[in-house]
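Enquirer: Per this note's numbering, the sequence shown starts with residue 5, numbered consecutively.
Take this structure first; my questions come after.
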Amino acid sequence: MWKYFNNNPANRVVGDCSVRAVSAALNLSWDDAFDLLAHNAKAMCDMPSSDAVWGSVLRQHGFVRSIIPSSCPDCYTIGEFAQDFAKGIYVLGTGQHVATVIDGVIYDSWDSSSEIPSFMWRRV
Numbered sequence: 005m006w007k008y009f010n011n012n013p014a015n016r017v018v019g020d021c022s023v024r025a026v027s028a029a030l031n032l033s034w035d036d037a038f039d040l041l042a043h044n045a046k047a048m049c050d051m052p053s054s055d056a057v058w059g060s061v062l063r064q065h066g067f068v069r070s071i072i073p074s075s076c077p078d079c080y081t082i083g084e085f086a087q088d089f090a091k092g093i094y095v096l097g098t099g100q101h102v103a104t105v106i107d108g109v110i111y112d113s114w115d116s117s118s119e120i121p122s123f124m125w126r127r128v
């Protein structure tokens, strides 16, 4: 199931999926998530939207990274993942997008349920 989530303080629709995903996963405001990402991005000389940067923020907050099994690499969607993982907090990366799944619900500013994730971060 997908739930509309856009906590951008100006209600703007911008390329901020990493900020939204981190804020949803860590239960932070958009501003606080942005600040964490910006801090790590500066330290890493990278952009806040890079997988390495948002991944480092999640790692610092108790998440571990796993690859999505590739038995069906082009057909396992975020929507199917949400159905299979109905408990817990997960952040899924597709290579071009980031979305958070909490207790089987996809939190995103658009219905990304048909996107194909290649890796996930889960809170342990």
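Note that beta-carbon positions come from the ideal geometry of N, C-alpha and C, so glycine has one too.
Just so it is clear, the structure is predicted and the values come from calculations on it, not from any experiment.
Put Ile110 into one of helix, strand or coil per three-state DSSP.
Expert: Correct three-state label for Ile110: strand.
Enquirer: Helix, strand or coil for Met103? Go by DSSP, reduced to three states.
Expert: Checking the sequence shown, residue 103 turns out to be Ala, not Met. It is a strand residue.
Enquirer: Counting C-beta neighbours from all protein chains within 10 Å, is the total for Ala45 16 or more, i.e. buried, or is it exposed?
Expert: Under this definition Ala45 is a buried residue.
Enquirer: Quick check: the stretch 80 to 87 against the stretch 45 to 55, are at least 3 beta-carbon pairs closer than 8 Å?
Expert: Flag = no, the stretch 45 to 55 and the stretch 80 to 87 do not touch.
Enquirer: Using CA coordinates, which residue listed in Gly92, Ala103, Ser70, Asp112 is at the minimum distance from Met124?
Expert: Checked all of Gly92, Ala103, Ser70, Asp112; the closest Cα to Met124 is Ser70.
Enquirer: For the stretch 17 to 53, which segments carrying the alpha helix (DSSP H) assignment without a break, of at least 4 residues, lie completely within its bounds, in sequence order?
Expert: Correct list: 21 to 30, 34 to 48.
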